[in-house]
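J.: In this note's numbering, each number is its position in the sequence shown, counted from 1, plus 1. Backbone N, C-alpha and C fix where the C-beta goes; we use that ideal spot for every residue, glycine too. Supplied in C-alpha cells, the structure appears directly below.
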Amino acid sequence: MIRGHFGESVGLGMAGTEKVEIRTLKVGRYCTVDDNAYKILRISKSKPGKHGSAKARLELEDIFSGQKKSHVGTVTDKITVPIIEKGSATITHIQGSEVHAMDAKTYEMMVLPLDDGLSLESGKEIMWMEALGRYKIIRDH
C-alpha cells in the first residue's frame, strides 16, 4: 500500500485537523491557514482597547515549502490545527525525485519527496512527518 506522494491531493479537505482558539497556540506548534500547514515562529498579542478584543499576530513558516506568512486575528478566533504524524522509515531505493521507504512500525511502503540538503541512500533510516495528506522527510539519521 502506498501511503503518500509529493504534492498529492488525497481529497481530505480539512480532515486531520481540529479547531482551537488562537490564544491557546504556542511557538513551535503548528496551525493551518489557507489549507497549508505552518509552524508558528512567533506570536505577538496586543491588549484590547476600549472597544474590541485583544488581537494576535502569528508569524508562520510553511512546513513543506518554507514560505513565511503572517496571520492576524482576535485571540478568541478559531483556527485549525493539523494533526501531525511522525515516524521513522528505512529507505528501500531512490528513484528520480522520490524516496521509496518502508515504515519502521507498520512495514508499509511510502513514497516521499526527495529534499535537497539531505544525504540519503538505500538502507538508511529517515524520520518523516505527515500533515494534511502531504509527506516530508524531516531528517536523516
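#1: If you draw a straight line from the C-alpha of A90 to the C-alpha of G53, how long is it?
#2: By how many angstroms is the C-alpha of K46 removed from the C-alpha of K27?
#3: Note the first and the last residue of the continuous beta strand (DSSP E) segment covering H72.
#4: Just checking, does the region 94 to 108 make contact with the region 33 to 44 on the three C-beta pairs under 8 Å criterion?
#5: Does DSSP put T25 in a helix, in a strand, or in coil?
#6: List the endpoints of the continuous beta strand (DSSP E) containing K56.
#7: Counting only the same chain and skipping the five closest in sequence on each side, list residues whose C-beta sits under 6 Å from that of E19.
#8: Cα separation between T75 and I23?
#9: Just curious, the beta strand (DSSP E) that L113 is in, first and last residue?
#10: Return the CA-CA distance between G124 and V100, expressed in angstroms with no decimal places.
#11: For L61, which residues of its own chain have a beta-carbon under 8 Å away from its beta-carbon, when the five flanking residues on both sides are left out?
#12: State buried or exposed for M130, treating a residue as buried only when at least 16 other CB atoms are found within 10 Å of its CB.
#13: Go through its chain and collect everything with a Cβ distance to I64's Cβ below 6 Å, but skip five positions before and after it.
#14: What residue does the beta strand (DSSP E) around H94 start on, and which one ends it?
#15: Applying the criterion that 16 or more other CB atoms from any shown protein chain within 10 Å of the CB defines a buried residue, is L119 buried or exposed?
T.: Once the coordinates are examined:
#1: For the purposes of this step, residue 90 is taken as the residue at position 89 of the sequence shown. For the purposes of this step, residue 53 is taken as the residue at position 52 of the sequence shown. A90 and G53: Cα-Cα distance of roughly 49 Å.
#2: Reading the sequence shown from its first residue, position 26 is the one you call residue 27. Reading the sequence shown from its first residue, position 45 is the one you call residue 46. Approximately 12 Å, taken between the alpha carbons.
#3: Translated into positions along the sequence shown, residue 72 becomes position 71. DSSP places H72 in the uninterrupted beta strand (DSSP E) bounded by K69 to T75.
#4: Verdict: no, contact absent.
#5: Here the question's residue 25 lines up with position 24 in the sequence shown. Helix.
#6: One-based indexing of the sequence shown puts residue 56 at position 55. In the DSSP assignment, K56 falls within the beta strand (DSSP E) that extends over K56 to D63.
#7: The residue you call residue 19 lines up with position 18 of the sequence shown. Only V82 meet the Cβ criterion.
#8: Here residue 75 refers to the residue found at position 74 when the sequence shown is read from its first residue. Here residue 23 refers to the residue found at position 22 when the sequence shown is read from its first residue. Rounded to whole angstroms, the gap between the alpha carbons of T75 and I23 is 7 Å.
#9: Numbered from its first residue, the sequence shown carries residue 113 at position 112. From DSSP, the beta strand (DSSP E) with L113 extends over M110 to P114.
#10: Position 123 of the sequence shown, counted from the first residue, corresponds to residue 124. Position 99 of the sequence shown, counted from the first residue, corresponds to residue 100. Taken atom to atom, the span from the alpha-carbon of G124 to that of V100 is near 11 Å.
#11: As a first step, residue 61 is located in the sequence shown; it is residue number 60 there, counting from the start. The answer, listed in chain order, is C32, V34, Y39, K40, I41, L42, K69, K70, S71 and H72.
#12: Here the question's residue 130 lines up with position 129 in the sequence shown. Under a 10 Å Cβ-count criterion, M130 is classified as buried, with 16 or more other Cβ atoms of the shown protein chains found around its own Cβ.
#13: Taking the sequence shown and counting its residues from 1, the one referred to as residue 64 is at position 63. Same-chain partners within the cutoff: A38 and K40.
#14: The residue you call residue 94 lines up with position 93 of the sequence shown. Element bounds for H94: E86 to Q96.
#15: Here residue 119 refers to the residue found at position 118 of the sequence shown. Result: exposed.
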